[in-house]
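Worksheet: one structure, shown below.
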Amino acid sequence: MAEPQRVRELPEDVDTDDCMTSYTHIYSPDLLKQLKPYAACHHTRNIMPLTPNLSPFVSFRHGCDTVIASRNLEKLTEAAKKLMVATGRHCLPLTVDVRQPQTISAAVDETLKELGRIDILINNAAGNFLCPATSLSFNAFKTVLEIDTMGTFNTSKVVYEKWFKDHGGAIVNISATLGYRGQALQVHAGSAKAANDAMTKHLAVEWGPSGVRVNTLAPGPISGTEGFRRLGKDLWLPGSDLINMFD
Ligand code: HXC
Numbered sequence: 024m025a026e027p028q029r030v031r032e033l034p035e036d037v038d039t040d041d042c043m044t045s046y047t048h049i050y051s052p053d054l055l056k057q058l059k060p061y062a063a064c065h066h067t068r069n070i071m072p073l074t075p076n077l078s079p080f081v082s083f084r085h086g087c088d089t090v091i092a093s094r095n096l097e098k099l100t101e102a103a104k105k106l107m108v109a110t111g112r113h114c115l116p117l118t119v120d121v122r123q124p125q126t127i128s129a130a131v132d133e134t135l136k137e138l139g140r141i142d143i144l145i146n147n148a149a150g151n152f153l154c155p156a157t158s159l160s161f162n163a164f165k166t167v168l169e170i171d172t173m174g175t176f177n178t179s180k181v182v183y184e185k186w187f188k189d190h191g192g193a194i195v196n197i198s199a200t201l202g203y204r205g206q207a208l209q210v211h212a213g214s215a216k217a218a219n220d221a222m223t224k225h226l227a228v229e230w231g232p233s234g235v236r237v238n239t240l241a242p243g244p245i246s247g248t249e250g251f252r253r254l255g256k257d258l259w260l261p262g263s264d265l266i267n268m269f270d
């Protein structure tokens with residue numbers, strides 16, 4: 024049987040924390056010039072290669088300064104330096120645990136002090152691993168929901184109250200396609216992202232009148248990245264043990 028197109032045409036492989044060396048603009052390179060996005064990540068190391076062209080790092084490629092926020096300042100600082108070299112834009116690294124609203128609040132205050140405004144919030148924080156439901160501990164399920172779902176709500180609420188309520192803005196929630204059809208070993212992440220998809224619609228309705236657009240982006244697997252190597256190869260590649268098991 025012919026190999027599916029997605030497997031034949033692998034994009035450039037980005038190793039660990041490295042930025043992509045080339046970038047093809049679909050939109051104007053200065054589309055976001057003058058804007059200030061704030062991106063909440065959970066694991067910079069994993070998120071950056073996982074969504075290299077989509078979020079939040081696409082913002083840099085379109086001419087705006089960006090804040091990246093997650094738990095590990097050392098890794099964030101390293102990532103920020105690489106992003107500034109690759110794009111020529113300013114990147115401010117800030118420590119945040121999206122499960123703790125007070126850390127988000129402090130980071131948003133710092134962002135407003137340093138950059139003066141926030142135009143786009145990208146909720147990118149996620150925790151994930153492959154695990155069958157029967158082996159998943161109660162705490163493991165709760166932890167992923169707390170990071171992915173509560174983290175998205177916490178961050179959105181703080182940014183809305185501190186800035187978007189009076190100035191408008193855009194929220195982009197990074198989702199996943201795992202829950203659309205039910206994916207083995209992913210009940211935790213799929214459930215969390217499904218809740219986020221509902222949250223997107225609720226907040227869009229409630230905050231639309233304040234000039235806030237809320238949207239979801241569900242990129243699906245991106246081959247040639249650390250995330251795909253770690254989570255994806257057993258989920259999506261033809262011939263994988265998992266796919267054979269359910270064929
Ligand atoms: C089973 C696991 C586990 C694993 C953690 N747990 N890893 N259970 N299999 N591989 C359980 C622990 O045993 C514990 O439960 C509970 O989860 C909490 O784990 P901790 O390590 O104490 O918590 P924390 O330090 O907050 O880290 C949690 C975590 C981390 C973020 C989930 O373990 C993790 O997986 N990090 C990887 C980060 C990552 O993948 N990020 C990118 C996601 S991108 P007990 O009962 O023992 O206390 C993404 C996009 C998806 O998700 C799109 C499709 C590819």
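All residue numbers for the sequence shown refer to the working numbering, where the first residue is 24 and numbers rise by one.
The beta carbon of each residue, even a glycine, is placed where N, CA and C say it ideally should be.
A quick note: this is a predicted structure, and the numbers were derived from the prediction, not measured.
Taking C-beta atoms under 8 Å as the contact rule, Ile143 and Val90 fail to qualify, at a distance of about 10 Å.
When the beta-carbon positions are compared, Ile141 and Thr178 stay at least 8 Å from each other. Of the residues Asn219, Leu54, Leu208, the one whose Cα lies closest to the Cα of Leu153 is Leu208. As computed with DSSP, Gly192 is found in a beta bridge with Val235. Annotated as distal: Ala102 and Asn151, with beta-carbon spacing of 8 Å or more. Beta-bridge analysis with DSSP links Ile141 to no other residue. According to the DSSP assignment, Tyr203 belongs to the alpha helix (DSSP H) that extends over 201 to 204.
Inter-residue distance for Ala193 and Ala163 is about 31 Å (C-alpha atoms, whole angstroms). With fewer than 16 other beta carbons inside 10 angstroms of its own, Tyr50 counts as exposed. Short note on Ile170: C-beta closer than 7 Å to some heavy atom of the ligand HXC. When DSSP states are grouped into helix, strand and coil, Ile245 belongs to the coil group.
Less than 8 Å divides the Cβ of Pro124 from the Cβ of Val181. The straight-line gap separating the alpha-carbon atoms of Lys56 and Ala156 is approximately 45 Å. Check the Cα spacing between Thr134 and each of Phe176, Gly86, Leu115, Lys105: the tightest is with Leu115. DSSP places Ile197 in the strand class (E or B) of the three-state scheme. In the same chain as Leu159, and ignoring 5 residues on each side of it, the C-beta atoms closer than 8 Å to its own belong to Val210, His211, in chain order. In this structure Lys98 is buried. Its beta-carbon is surrounded by 16 or more other beta-carbon atoms within 10 angstroms. Distances from the CB of Leu54 to the heavy atoms of the ligand HXC are all 7 Å or more.
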